[in-house]
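These notes concern the structure reproduced below.
Chains as they are written, first to last, in my numbering: chain R, 1 to 425; chain E, 1001 to 1425.
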């Protein structure tokens, strides 16, 4: 019987990252952050992160120290084929087990190397050693398997170090294992919002957040955007799903206008998907964002079916020559103006014939602002369905790259609202 | 006297990151990686990273544990004005000191809040408390000061948590403090290279790397690029500088063709600086990179003086309409071909009149490759000084975004070599 079942308290965990490259600062420890997020979602408290090099004495000591307060230790790294990979040996020492050769892993490794046309060396066989009493987790994305080992209410889960292998194993194998241990199922959805700050979002939902027992709500901020995680911990998946959906309905009534995805998609993915599905050809003309919009949209595979072309009209002359913005407009209202933005989008439509044309002009900074038009002022203009409109926005000036990114998000938000038939304030 | 001076061994350090948000996985711990890099550069071995929440008992225990093996502990976080910020109290407990009000910090905080037009609250005064025997480090970028405290050969250095404040304080205050402690000065330069893999770089320099005592050489790889750090640890800055320069001369004789910066600048910064200094107007036409080149160049403030415009000619029609690429060429050789690339750059010059015109067409993937023209094949064409040339390259296909980024680097490398009068293979 596990100790947390005896106590009825939340399970407590320590995350141990093994690898000298972490102590050299050659790589940033993203594994610890990922595992912390996931364990918190599962209702498990994380008390410590430890990082240690390939040193058996220190690793063993840290595992012992972690088990003083915690029931669960998750290690990453040190499962590889080389001499200095010692995590398995140490965990066996601490939890009183010994290593045996795991036949299914040997088979898997043999077919893995055969597929690559390589001979399996002896030190690769070392990867098929696992503690005799452990639950083995097959590594779908690499060679070293992971495992869970229990002794007297203490559980160690050992995972490979490469983030891609580790996250895949956690999602597919470790999460169900932990759900079974803790006798409950976690379901969550991540909503993504634009046009509302994290503190406003919190204010709008404060009663739900304060009263939360289940589902729980958590807000996150990320470069001008917000996320809201709605999570439920129940004894069955159906119950958890129903609870999450019902809370999301309430959230939608409050801040639905700002939600652009209920499935943790990025805004450009949402917009690209709609354009591709509805076969709407589009083009862009950018000044202050300097190609960031086009670059972001063309990250999406398959976008070439609808993206016709983009202009980065950085000079005034290029705005006139490429888009037919009149020299008079530029002289009278300036390159950063509602009038210029509108002529950019309309010119873009004239030149390309695309049914959707988006344009932006603004001041990205750090120089170039005036009292009248400060750094962060942008004009976003869109021609769609025979109508053209222009949004004037003043972005909170953080840095050149922040301002450019936010201007890009405003362009995407404009298209998204137009495609949904929503009003643009 | 400090214990490492007695032993003559390298100083040993533990990094302790304090913050519940780290244990929730809300932020990734970049501070530990930064400090590890810096300490290693200073010749200090890092044995452990610990992360702990705002819990005085656990924090105190970890600091004690760190001091069992280490002479130096660096903490980040927990210096703020709120109740749960307890790092200072704990460090005083461990190193037998007590907190006093630091008059210069009070003055600094008062002027800081006056400048913001805000009244300083009482809990902000808490930030001016420091251990009575400590060396105080002023926080130029925020409010909470840092400090170093010593007792019986053990040193604790406490730094604020926000990375911007922490790195600035480390660079300006902590580094000189540690150099004095360790009785030596470290000087290093970071060379940046393109067009050579990390393993080839290592091979070309293997004798220098193997025999290294001082200066030391370390290679790093980053998305298609390499860096080489040359560092020297001497008793005076002059000596260290001379040693580094002399080694760099040797390195240049071996791999000089691939070095684009000796000051850790990025390739696009190097290229942008040259174009701005020499007042060379330029324009770009991009297919597979989708605006990434234009977006990267326009990250540099002041580029508008020379960047005329960019085209993202994603469709065949746009290549013809905007750049005058002949329909026959497109039909006969395809959009991804040497012929199309050359007509893109030449057309770009015709349309814009810019003395430097760069164009790219290629297959970013994941779809669209053939046996003849696989994913990763790119053609980079440049018109400059009346001459046009084209490079055919096949990028090792990693992912769409990797391929696009590498194609962008090839564009930058092409311009850089042309501007330097170097041959393009």
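Don't be surprised by glycine CBs; every beta carbon is placed ideally from N, CA and C. All values reported here derive from a predicted model rather than from experimental measurement.
Sequence-distant residues of the same chain with beta carbon closer than 6 Å to residue i, five excluded per side
i: residue 1423(E); result: none
i: residue 1001(E); result: Low confidence applies to residue 1001(E): its pLDDT is 37, below 50, so where it sits in the model is not reliable enough to give any reading.
i: residue 364(R); result: 288, 400, 403 and 404
i: residue 357(R); result: 283, 345, 348, 349 and 383
Distance, residue j Cα to residue i Cα
i: residue 86(R); j: residue 313(R); result: 57 Å
i: residue 1376(E); j: residue 1393(E); result: 8 Å
i: residue 330(R); j: residue 1288(E); result: 32 Å
i: residue 34(R); j: residue 17(R); result: 12 Å
i: residue 405(R); j: residue 1038(E); result: 31 Å
i: residue 1244(E); j: residue 1189(E); result: 7 Å
i: residue 1311(E); j: residue 1317(E); result: 13 Å
i: residue 1372(E); j: residue 379(R); result: 45 Å
i: residue 156(R); j: residue 117(R); result: 35 Å
i: residue 199(R); j: residue 210(R); result: 14 Å
i: residue 1395(E); j: residue 1403(E); result: 7 Å
i: residue 66(R); j: residue 94(R); result: 11 Å
i: residue 342(R); j: residue 1345(E); result: 30 Å
i: residue 175(R); j: residue 1144(E); result: 40 Å
Three-way DSSP call (helix, strand, coil) for residue i in this model
i: residue 1048(E); result: strand
i: residue 420(R); result: coil
i: residue 137(R); result: strand
i: residue 165(R); result: helix
i: residue 120(R); result: coil
i: residue 11(R); result: coil
i: residue 1092(E); result: helix
i: residue 1006(E); result: Note that residue 1006(E) has pLDDT 43, beneath the 50 cutoff, so the model's placement of it is unreliable and no number is given.
i: residue 1395(E); result: coil
i: residue 1380(E); result: strand
i: residue 1261(E); result: strand
i: residue 1362(E); result: strand
i: residue 146(R); result: strand
i: residue 129(R); result: strand
i: residue 1203(E); result: helix
i: residue 1216(E); result: strand
i: residue 1389(E); result: strand
i: residue 38(R); result: helix
i: residue 1081(E); result: coil
i: residue 210(R); result: helix
i: residue 1410(E); result: helix
i: residue 1332(E); result: helix
Residue i: contacting residues in chain E (beta-carbon distance under 7 Å)
i: residue 96(R); result: In chain order: nothing, as chain E lies at least about 24 Å away.
Proximal residues of chain E, C-beta to C-beta of residue i below 9 Å
i: residue 37(R); result: 1024, 1025 and 1026
i: residue 193(R); result: Chain E residues near residue 193(R): none, gap ~17 Å exceeds 9 Å.
i: residue 48(R); result: 1023, 1050, 1051, 1052, 1053, 1058 and 1062
Sequence-distant residues of its chain with Cβ nearer than 8 Å to residue i (five each side left out)
i: residue 56(R); result: 86, 89 and 90
i: residue 237(R); result: 185 and 187
i: residue 10(R); result: 4, 43, 44 and 45
i: residue 170(R); result: 34, 35, 38 and 159
i: residue 266(R); result: 192
i: residue 1113(E); result: 1119, 1120 and 1124
Below-8 Å beta-carbon distance, residue i vs any chain C residue
i: residue 58(R); result: The chain inventory of the structure shown lacks chain C, comprising the protein chains R and E.
Neighbour list for residue i in chain E, Cβ cutoff strictly below 8 Å
i: residue 262(R); result: In chain order: nothing, as chain E lies at least about 21 Å away.
i: residue 308(R); result: 1314, 1315, 1317 and 1318
i: residue 400(R); result: 1299 and 1301
Residues sharing a beta bridge with residue i, DSSP
i: residue 1154(E); result: 1151(E)
i: residue 75(R); result: 16(R) and 158(R)
i: residue 1283(E); result: 1309(E) and 1357(E)
i: residue 1225(E); result: 1194(E) and 1222(E)
i: residue 1187(E); result: 1232(E)
i: residue 1027(E); result: Paired residues: none, contrary to the question.
i: residue 1352(E); result: Note: residue 1352(E) sits in no beta bridge, so no partner.
i: residue 101(R); result: 129(R)
7 Å Cβ shell around residue i - same chain, five flanking residues per side excluded
i: residue 1408(E); result: 1289, 1292, 1293 and 1296
i: residue 309(R); result: 283 and 352
i: residue 1271(E); result: 1412, 1415 and 1416
i: residue 1216(E); result: 1231
Per-residue contacts from residue i into chain R (C-beta, under 7 Å)
i: residue 1290(E); result: 294, 295 and 298
Chain-ordered chain R contacts of residue i [CB-CB under 8 Å]
i: residue 1324(E); result: What residue 1324(E) touches in chain R: nothing, since even the nearest Cβ is about 14 Å away.
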